[in-house]
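*Asks:* Can you read through this structure? Questions will come right after.
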Amino acid sequence: MNRATQEEERELTNQNGSRKAPFRTVVDAVVVLDATEFLDVCTPDELQQSGSICVVPEDQEDEIGLFYIQGEYFAVSNICKHNQRSVLHEGAVCEHVVECPLHNWRYDVRTGNSVHNKGSLKTYRVVLHEGRVLVEKPQYEAPSWTF
Ligand code: FES
4 MNRATQEEER ELTNQNGSRK APFRTVVDAV VVLDATEFLD VCTPDELQQS GSICVVPEDQ
64 EDEIGLFYIQ GEYFAVSNIC KHNQRSVLHE GAVCEHVVEC PLHNWRYDVR TGNSVHNKGS
124 LKTYRVVLHE GRVLVEKPQY EAPSWTF
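Be aware that the sequence shown starts at 4, since it is given in our numbering, and climbs by one per residue.
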């Protein structure tokens, strides 16, 4: 199975049935990276020891909760949909579900979906490259609402 096919198989379906970008991408140095699209976060050991960290990009379009769970890496928005608090990296993790430490909303870090059907967190690609954990940079999204 080639790498592209493996990546495609990792795609999951959103709660509303639409396709999402791969929630996790662990690749090796064969992949050519565009450094402008990824943030260099830490070493795998650092993340494995803590289990999760919060990544705050310079432009602060979003804050990212980066998780190491059962040998895999996952990245979702760190901002809880309930009160817009950036706390999810501090939540307890059970299987692939992180529980917000403030009021217990829970999200699957593989998909970003709330397990209570209360919306979805953005997911970000994670890449292991030359001994570093890289995470996809959040992109600015113009508001979808209009007056
Ligand atoms: S802020 Fe996360 S559940 Fe309330």
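Quick reminder that beta carbons are idealized off the backbone N, C-alpha and C, glycines included. Remember, predicted model here, so these are calculated numbers, not experimental data.
With DSSP collapsed to three states, give me the class of residue 40.
*Replies:* In the sequence shown, the residue the question calls residue 40 occupies position 37. If DSSP states are grouped into helix, strand and coil, residue 40 belongs with the helices.
*Asks:* Taking 9 Å as the threshold (C-beta atoms), are residue 129 and residue 91 in contact?
*Replies:* Taking the sequence shown and counting its residues from 1, one reaches residue 91 at position 88. Taking the sequence shown and counting its residues from 1, one reaches residue 129 at position 126. No. Outside cutoff.
*Asks:* When the Cα atoms are used, what is the spatial distance from residue 122 to residue 60?
*Replies:* As a first step, residue 122 must be located in the sequence shown, where it is residue number 119. As a first step, residue 60 must be located in the sequence shown, where it is residue number 57. Whole-angstrom Cα-Cα distance: 23 Å.
*Asks:* Counting only the same chain and skipping the five closest in sequence on each side, list residues whose C-beta sits under 6 Å from that of residue 106.
*Replies:* If you number the sequence shown from 1, residue 106 lands on position 103. Excluding positions up to five away in sequence, the list reads 85.
*Asks:* From 102, 96, 135, 108, pick the residue whose C-alpha is nearest to that of residue 47; which is it?
*Replies:* Residue numbering aside, residue 47 sits at position 44 when the sequence shown is read from its first letter. When each option's Cα is compared against that of residue 47, the closest is 135.
*Asks:* Using only the alpha-carbon positions, how far apart do residue 146 and residue 63 sit?
*Replies:* For this step, residue 146 is matched to residue 143 along the sequence shown. For this step, residue 63 is matched to residue 60 along the sequence shown. Roughly 16 Å separates the two Cα atoms.
*Asks:* Just the C-alpha distance for residue 51 and residue 71, rounded to the nearest angstrom, thanks.
*Replies:* Residue 51 sits at position 48 when you count from the first residue of the sequence shown. Residue 71 sits at position 68 when you count from the first residue of the sequence shown. Roughly 6 Å separates the two Cα atoms.
*Asks:* I'd like to know whether the C-beta atoms of residue 88 and residue 101 end up nearer to each other than 9 Å.
*Replies:* For the purposes of this step, residue 88 is taken as residue 85 along the sequence shown, with counting starting at 1. For the purposes of this step, residue 101 is taken as residue 98 along the sequence shown, with counting starting at 1. No, they are not a contact pair.
*Asks:* What did DSSP end up calling residue 71 once you bin it into helix, strand or coil?
*Replies:* Stepping through the sequence shown from its first residue, residue 71 is reached at position 68. Three-state DSSP puts residue 71 in a strand.
*Asks:* With DSSP collapsed to three states, give me the class of residue 48.
*Replies:* One-based indexing of the sequence shown puts residue 48 at position 45. Helix, per DSSP.
*Asks:* On a Cα-Cα basis, can you pick out the residue from 125, 138, 120 that is closest to residue 44?
*Replies:* As a first step, residue 44 must be located in the sequence shown, where it is residue number 41. Taking each of 125, 138, 120 in turn and checking the Cα distance to residue 44, the smallest one comes out for 138.
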